[in-house]
Each structure stands twice: as C-alpha cells, then as structure tokens.
Amino acid sequence: MSDFKDMINIINGDNIEKSLASDASGVKNSSEAINEQSLTIEKNSPQFNNNLIDENQKALSPFNVELFTKEVAKKSDNKGRAYAKLTQNISGYDIASKCIADVVFKLQNTPVKSFASKWLPIAMRGTIGTAIHDFIQGTSDQFTELEPSLKIPSIRFSGRLDGLIGNNVLVEIKSCTYADYAKIIKTRSPRLPDFYQCMTYKYILENYLKEAQTANVKRRTQPPILEHYKIDTLQFIYVCHEILASDIEDFGQMLNNIKHIKKSLNSKSNSFFFMTALTVNLTDEISKPYIDFIHDKIKRINWYLSNNKQPTSDDPYVDTKKCFFCLYNDICHLK
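Residue numbers for the sequence shown follow numbering that gives the first Met the number 0, so the first one is 0 and each next one is one higher.
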C-alpha cells in the first residue's frame with residue numbers, strides 16, 4: 000500500500016519537489032552510462048511517423064478519449080464488414096447465444112449501415128480474451144489437441160474447439176466479469192451459453208467427425224486427429240477480469256468486490272485466484288435435451304437459407320432480448 004499512498008501524495012501535490020529531485024538525480028547518474036546515439040530514432044525507421052513529428056508544425060493535441068472512441072468505432076466497422084464478407088457458416092456461438100434471425104441475416108449477407116459493435120468496449124474485451132486464451136494454451140502441456148477445426152459443409156457449420164484432452168474431455172476457455180465469476184464459483188455451474196457452446200462442439204464431434212476430417216475446405220488449424228470421440232466431460236476454464244466490464248464507479252466498492260471473491264476462493268492458497276477449472280460430467284440422459292435443441296436449431300437455420308426465407312415471430316429460436324446488440328436491429332421485422 001505504500002506505493003499507492005506515495006502516488007496519492009504526489010497527486011495531491013505533497014512532496015512533489017522531493018520526488019522530482021530524486022528522479023532527476025537518478026536520470027543524471029544513469030545518463031552517464033548510456034550512449035545517447037543509441038536512443039536516437041532514425042527518421043527512416045517504420046516506427047517513426049514523419050507526419051506527426053515536424054519542427055514547422057504547431058503542437059498537436061494530447062490523446063483524446065472521445066476521438067479514440069471514434070477510432071475504435073471505425074476499426075470495429077471495418078473489421079465487422081470484412082468478417083461479414085467472409086462469413087458463410089454457422090458458429091458454435093450462433094447456436095449458443097444468438098437469435099436465429101441474427102444468424103440468418105448474417106448468412107444471407109444482409110447489408111447494414113454499420114458493422115461496428117453496438118457496445119465498443121467489446122473490442123478491448125475481445126483482445127483481453129484472446130490474450131487469456133494464448134497464455135493458457137501456450138503455457139500448458141495438459142491438452143492433447145489445441146484449436147481443432149470443425150468445418151462441416153453439409154450443415155454450413157464452422158468452429159474451433161479451445162482444446163481436447165484425450166477422446167472424452169472437451170475444454171472451453173472463457174474470460175468473464177467479477178460478477179459472473181462470483182456466481183460461477185458460488186454455484187459451481189458454467190454460464191448457460193457457454194454450456195450450450197460446448198454441447199454444440201460435442202454434437203459436431205460425435206456426429207460429423209469424418210466430414211470434419213475429410214472435407215475439402217480451407218482450415219487455419221488441423222481437424223480432430225482421433226478416430227472416435229465420446230465426450231463425457233466438459234471443462235470450463237474461467238478467468239475473470241473487470242476491464243470495461245462493470246458499471247461500478249466507486250473504487251472502494253470495486254476493491255470490496257475483489258476481496259469478496261478472493262475470500263470465496265480461499266485465495267491465500269491459490270496464486271491464480273481469478274482462475275478456476277470447472278468440470279461437468281455428462282450422461283446421455285443429461286445431454287439429450289441440449290443435443291435436441293442444437294440439432295433442431297441448425298436444421299432450422301439451414302432451412303431458412305435453402306429456401307431464402309427469414310424467421311417468423313413464432314420461431315422458437317427468435318430472441319428479442321438480444322435486439323440491442325444485434326447489427327440488424329434497424330431492419331429486423333421481429334424487434
């Protein structure tokens with residue numbers, strides 16, 4: 000806490016002169032051992048922006064968060080537009096989380112005014128989620144297969160698993176908020192959409208394995224390598240973060256939430272107290288209703304696409320609770 004108190008003192012104006020004097024002394028001593036030429040940035044270097052550094056230019060404005068928001072929106076729109084052009088398949092996330100109308104609009108290449116995310120912090124959360132995946136997958140040797148590709152042209156499905164352990168354990172890595180994480184460790188249950196996504200991969204592995212292995216399609220990763228899979232165990236590796244994921248504006252309240260979660264996890268004996276591996280054992284009886292849901296939703300999506308139709312309001316997979324985040328909200332007749 001001493002570092003935090005020192006920072007507060009500096010912010011409040013206390014001991015500023017002492018801090019500056021100490022810093023200046025350190026810089027002076029260090030500078031004697033540094034070759035100044037090694038710190039010079041060549042103007043021909045690709046990291047040097049000649050448009051920004053110009054002695055004849057007026058001083059530029061400091062970093063502007065409002066401008067950054069517009070920059071994020073533009074990049075999000077460009078990324079979404081490029082993705083829409085390439086997307087020709089149903090994903091596990093489509094089955095687990097999306098309204099069927101959203102999926103059908105996407106696969107029919109329905110034009111929209113903007114492909115930018117309706118909630119821009121998703122862009123940063125996506126980057127954090129990717130980093131978490133990379134860290135776990137790149138560090139652990141416990142997985143027997145990483146990112147196996149599941150491309151099934153006959154049902155327009157495409158997905159990639161996070162990991163497999165043997166022929167029976169399917170692993171999904173998820174990042175989440177403190178609020179979600181607190182519920183997960185209290186109930187020892189995965190979030191429902193995450194469960195449906197894993198069950199979708201189980202359904203594909205057990206029913207379309209040969210097609211996944213032999214389909215003549217482009218893949219970024221190799222297909223599953225074993226001859227047979229019988230998934231009876233799902234593992235959800237949850238890692239929580241709170242970056243741009245909470246409405247809490249009071250710093251003290253946020254710290255109390257963190258302390259509560261640490262206490263719930265007995266974190267003194269767990270160095271990764273914001274990470275948990277939740278295991279769910281499956282039986283055919285438990286799996287059946289979820290597998291039936293997945294089978295039927297994939298079938299319905301394909302019917303709409305084959306007949307060039309759009310879902311009607313009586314479709315059981317229409318979910319108007321998802322309208323706010325849907326890119327097709329402005330044109331959808333079901334909202």
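Glycine residues also receive a C-beta, built at the ideal position from the N, C-alpha and C atoms.
**OP:** Flag this pair as yes or no: are the beta carbons of I224 and S174 separated by less than 9 Å?
**Re:** Here I224 is not near S174, since their CB atoms are 9 Å or more apart.
Original post:
Whose C-alpha, out of C239, P152, D161, is nearest the C-alpha of K209?
Top reply: Checking every option, the nearest Cα to that of K209 belongs to P152.
Subject >> Contacts around V168, its chain only, beta-carbon distance under 7 Å, and the 5 residues preceding and following it disregarded >> reply: Counting only residues of its own chain and dropping the five nearest sequence neighbours on each side, V168 has a CB closer than 7 Å to the CB of T232, Q234.
Original post:
Got a sec? Which residues, its chain only, sit under 7 Å from A115 by beta carbon, not counting five neighbours each side?
Top reply: The residues A72, S75, D76, G79, in chain order, have a CB closer than 7 Å to that of A115 in the same chain once the five nearest residues on each side in sequence are set aside.
**OP:** Consult DSSP for S153 and reduce its assignment to one of helix, strand or coil.
**Re:** S153: helix per DSSP, three-state reduction.
Original post:
How many Å lie between P222 and G165 at the Cα?
Top reply: Their Cα atoms are separated by approximately 14 Å.
**OP:** In angstroms with no decimal places, state the Cα-to-Cα distance between C322 and T311.
**Re:** Going from the Cα of C322 to the Cα of T311 covers about 15 Å.
Original post:
Of the choices K112, R155, D283, K217, whose alpha-carbon is the least far from that of W302?
Top reply: Closest by alpha carbon: R155.
**OP:** Quick one: residues in its chain with C-beta nearer than 7 Å to the C-beta of K150, no 5 flanking neighbours on either side, listed in chain order?
**Re:** Closer than 7 Å at the Cβ level, and outside the excluded window around K150, lie S157, A211, A214, V216, R218.
Original post:
What did DSSP end up calling G158 once you bin it into helix, strand or coil?
Top reply: G158 falls in the strand class under three-state DSSP.
Subject >> Straight-line gap, A32 to Y237 (C-alpha atoms, nearest Å) >> reply: Its pLDDT being 41, under 50, A32 is placed unreliably in this model, and the value from its coordinates should be taken loosely. C-alpha separation (whole angstroms): 46 Å.
Original post:
Straight-line CA distance for S263 to Q136?
Top reply: Roughly 26 Å between the two C-alpha positions.
Subject >> Endpoints, alpha helix (DSSP H) assigned at S305 >> reply: Per DSSP, S305 belongs to the alpha helix (DSSP H) from 283 to 305.
**OP:** Mind checking which residues open and close the alpha helix (DSSP H) that includes C197?
**Re:** Start and end: 191 to 206.
Subject >> Supposed close pair I230, L191 - CB separation, criterion 8 Å >> reply: Contact check for I230 and L191: beta-carbon distance about 18 Å, past the 8 Å limit, so the pair fails to qualify.
Original post:
Per DSSP, V216 is paired with what?
Top reply: V216 has no beta-bridge partner at all, per DSSP.
Original post:
Taking DSSP as the reference, what is the three-state secondary structure of S174?
Top reply: Of the three classes helix, strand and coil, the one that applies to S174 here is strand, per DSSP.
Original post:
Which one or two residues does DSSP pair with V279 in a beta bridge?
Top reply: Answer is L233, bridged to V279.
Original post:
Among Y180, L85, L163, which has the Cα closest to the Cα of H259?
Top reply: Nearest of Y180, L85, L163 to H259, Cα basis: Y180.
**OP:** Quick one: residues in its chain with C-beta nearer than 7 Å to the C-beta of S328, no 5 flanking neighbours on either side, listed in chain order?
**Re:** Rather than Ser, the amino acid found at residue 328 in this sequence is Asn. C322, K334, listed in sequence order.
Subject >> DSSP beta-bridge partners of L145 >> reply: The beta-bridge partner set that DSSP reports for L145 consists of G162.
Original post:
When the distance is taken between beta carbons, is I300 closer than 9 Å to V103?
Top reply: Yes, these two residues count as a Cβ contact at 9 Å.
Original post:
In terms of DSSP beta bridges, what is I121 paired with?
Top reply: I121 is not bridged to any residue.
Subject >> Own chain residues within Cβ distance below 8 Å of I109, not counting five before or after >> reply: Rather than Ile, the amino acid found at residue 109 in this sequence is Thr. The residues are Y327, I330.
Original post:
Over what stretch of residues does the alpha helix (DSSP H) that includes H259 continue unbroken?
Top reply: Per DSSP, H259 belongs to the alpha helix (DSSP H) from 250 to 263.
Original post:
Thinking just about the alpha-carbon of each residue, which of M274, G128, A83, N206 is nearest to the one in H227?
Top reply: Of M274, G128, A83, N206, the residue nearest in Cα terms is N206.
Subject >> Extent of the continuous alpha helix (DSSP H) run through R80 >> reply: Taken as a continuous stretch (DSSP letters only), the alpha helix (DSSP H) holding R80 covers 64 to 85.
Subject >> Inter-residue Cα distance where the pair is C325 and C98 >> reply: Rounded to the nearest angstrom, the gap between the Cα atoms of C325 and C98 is 9 Å.
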